[in-house]
Amino acid sequence: MTARTMFDKIWDAHVMAEEEGEILLYVDRALIHEGSSHAFAALKKRKQKVARPQQVFAFTDHYVPTTSREKGIAGIAVDEIRNMVIGQHENTKLHGIRLFGFDDPAQGILHIVPPEQGITQPGMLICGADSHTSTHGAFGSIAFGIGASDMTHVMATQATWQRKPKTLRITVEGELGFGVAPKDIILAVIAKIGAEGGVGHTLEYAGSTFRRMSMEGRMTVCNMSIEAGARCGMIAPDDTTFAYMDGRPWAPKKGAEWDAAMALWQSLPSDAGAKFDREVTLDAAQIEPMVTWGVNPEMAGPVGGAVPDPKSAPDERRRSDWAMALDYMGLKAGMPLQDIAIDRVFIGSCTNSRIEDIRAAAAVAKHGKALVPAWVVPGSKTVKRQAEAEGLDKILTAAGFEWREPGCSLCTAINGDQLKPGERCASTSNRNFRNRQGPGGRTHLVSPAMAAAAAIKGRFTDVREIIK
Ligand code: SF4
């Protein structure tokens with residue numbers, strides 16, 4: 063029998079039909095947020111119902127405020143945001159969709175809550191109304207973001223038309239160095255293959271570095287696959303995955319259900335000898351804490367380095383891209399990254415707002431006081447409760463950090479949390495595009511520990527000098 067990749071196994075199991083190179087795939091889970099109002103409006107116009115509401119899950123995250131929530135939905139100050147939240151509650155009720163809404167004890171980001179709840183499972187095909195749906199590939203699933211019209215199709219049919227991508231295996235071997243986080247690994251991967259290096263491919267992350275990584279770290283890595291141009295990234299399920307799944311509300315129950323699931327899950331990893339269309343290898347020992355200096359995640363370097371000179375770019379396109387990036391970011395070629403002073407810090411987003419991220423930030427924060435406004439926005443109420451039970455909120459607030467309510471917040475700045483023009487932010491989110499955190503805002507992507515280090519120094523700092 064031909065050796066198959068994990069991607070091929072899951073893809074083949076979901077094929078329903080093929081037409082002119084497009085494949086109709088069965089969708090196990092659809093994940094939506096307040097912005098999916100367009101899909102509900104389209105269904106209403108066509109007088110269609112949601113085909114399988116029990117396989118659609120909704121989350122109040124993109125628009126929800128991250129402070130002053132005591133007065134409930136009615137207390138949301140901005141009319142447009144309040145109406146988005148109310149509209150989502152009405153639409154999901156009408157269609158019988160499970161909503162992790164404003165008052166739900168498990169409310170949070172659509173890439174944080176489904177893994178917490180066991181909604182995300184190995185072997186599934188998952189579509190989400192946000193490009194960072196690639197996060198869920200950490201469980202050994204095919205997971206990708208789709209636009210509003212595709213989501214309407216999924217909600218009406220529980221299927222999606224897609225073209226089959228090629229496969230790219232990214233192998234990282236070795237132990238992570240002291241102070242080096244999964245965020246640094248994925249930033250190093252993107253710096254190596256480029257922001258378009260994964261276009262037309264699905265990524266499989268393989269090697270001992272990922273095998274040793276926690277599920278939370280794996281989610282951070284898969285989350286940013288889209289920033290390398292790939293729509294999905296995945297990691298083979300293993301004992302770490304199975305232990306994480308055990309006992310979660312939507313996970314298979316122990317007994318026959320669990321045994322059947324395990325039989326499938328254990329069959330998913332790529333077979334020995336499976337052929338990938340491309341292969342890339344990195345050595346974990348060479349990776350250091352990273353900082354982005356430009357306007358896409360490829361424009362990144364180790365914290366001990368300097369802002370590059372566009373004159374040294376490998377080609378004309380990058381020479382011009384780098385020059386424009388430095389202009390937007392207000393940086394000079396050759397300046398050490400550690401000389402860059404920051405105005406704000408954001409620790410949050412579906413990339414880095416899980417309990418391990420909050421722990422990493424608190425472990426650094428206790429070594430000083432924040433010199434600039436520094437927000438910590440947990441990814442869900444579950445994360446928030448756990449962090450508070452561990453006393454992490456106390457450590458952070460004692461160090462001058464602001465402890466907020468769960469949501470997307472400053473990752474995408476559509477709920478009103480945003481940078482002022484020209485403000486420079488050390489951010490644990492996933493995109494440093496122009497204007498991403500507010501018009502004229504300047505974003506530098508870093509790990510949670512590096513963000514906390516930047517907060518207590520007021521500039522980028524090698525976190526290894528603080529936690530020694
Ligand atoms: S945190 Fe950012 S990337 Fe993640 S779901 Fe929210 S807006 Fe999208």
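Position in the sequence shown counted from 1, then plus 62, gives you our numbering. We put the CB at the ideal spot given by N, CA and C, even for glycine. Source: prediction; values computed, not measured.
Asked, Found
"Those residues which DSSP pairs with Phe162 across a bridge", "Phe121"
"Start and end residues, beta strand (DSSP E) containing Ile72", "Premise fails: Ile72 lies in the alpha helix (DSSP H), Met68 to His76, not in any beta strand (DSSP E)."
"Of the residues Gly180, Leu172, Thr122 and Lys133, the one placed nearest Asn153, counting alpha carbons only", "Thr122"
"Closer than 8 Å: Cys412 CB and nearest ligand 1 heavy atom", "yes"
"Start-to-end residues for the beta strand (DSSP E) that takes in Trp312", "Run containing Trp312: none; DSSP gives neither H nor E here."
"For Lys155, the first and last residue of its enclosing alpha helix (DSSP H)", "Asp141 to His157"
"Residue burial classification, Lys443 (beta-carbon count within 10 angstroms, cutoff 16)", "buried"
"Proximal residues to Ala250 (C-beta, below 7 Å), its chain only, five neighbours per side dropped", "Leu344, Ile349 and Met352"
"Any non-hydrogen atom of ligand 1 within 8 Å of Asn494 CB", "no"
"Which listed residue (Arg108, Thr303, Gly484 and Ala325) has its alpha carbon closest to that of Ala218", "Arg108"
"Asp419 CB to nearest heavy atom of ligand 1 below 8 Å", "no"
"Pair within 9 Å by beta-carbon distance, Val508 and Thr354", "yes"
"Whether Asp339 touches Thr229 by CB criterion (9 Å)", "yes"
"Proximity test, Leu161 beta-carbon vs ligand 1 heavy atom, cut-off 8 Å", "no"
"Lys228, enclosing beta strand (DSSP E) - first and last residue", "Lys228 to Glu235"
"Beta carbon of Cys412 nearer than 9 Å to that of Asn492", "yes"
"Length at least 3, wholly inside the region 359-384: the beta strand (DSSP E) runs in chain order", "362-364"
"Test item: CB-CB of Leu93 and Ala120 under 9 Å", "yes"
"Minimum length 4: unbroken alpha helix (DSSP H) runs contained in the region 213-283", "244-255 and 270-273"
"Contact set for Phe102: own chain, Cβ-Cβ below 6 Å, skip 5 residues either direction", "Asn153"
"Test item: CB-CB of Cys473 and Gln499 under 9 Å", "yes"
"From His100, Arg526, Ile402 and Phe408, residue whose alpha carbon lies closest to that of Gly149", "His100"
"Residue from Ser130, Met213 and Lys133 with nearest C-alpha to Gly97", "Met213"
"Start-end ranges of the beta strand (DSSP E) lying completely within the region 457-499, minimum 3 residues", "486-489"
"Coil, strand or helix - Arg131 by DSSP", "coil"
"Reduced DSSP secondary structure (H/G/I, E/B, other) of Ile409", "strand"
"Member of Arg521, Thr459, Phe69 and Ser489 whose CA lies at the smallest distance from the CA of Gly366", "Arg521"
"Limits of the unbroken alpha helix (DSSP H) element including Phe102", "Ser99 to Lys107"
"Neighbourhood of Ala515 by C-beta distance below 6 Å, restricted to the same chain and skipping five residues each side", "Val426, Thr523, Val525 and Ile528"
"Those residues which DSSP pairs with Arg526 across a bridge", "DSSP, once it has assigned bridges, lists no residue as partnering Arg526."
"Simplified DSSP state of Leu93, which is helix, strand or coil", "strand"
"Where the beta strand (DSSP E) containing Met186 begins and where it ends", "It is not in any beta strand (DSSP E) - Met186 carries neither H nor E in the DSSP assignment."
"For Gly207, the residue or residues it bridges with in DSSP", "Gly190"
"Supposed contact pair Ser196 and Ile252 - C-beta distance, whole angstroms, cut 8 Å", "The pair is not a contact, with the Cβ atoms about 13 Å apart (cut-off 8 Å)."
"For Arg274 and Glu237, believed in contact at Cβ under 8 Å, the rounded distance", "7 Å"
"Strand pairing of Ala403, partner residues [DSSP]", "Arg521"
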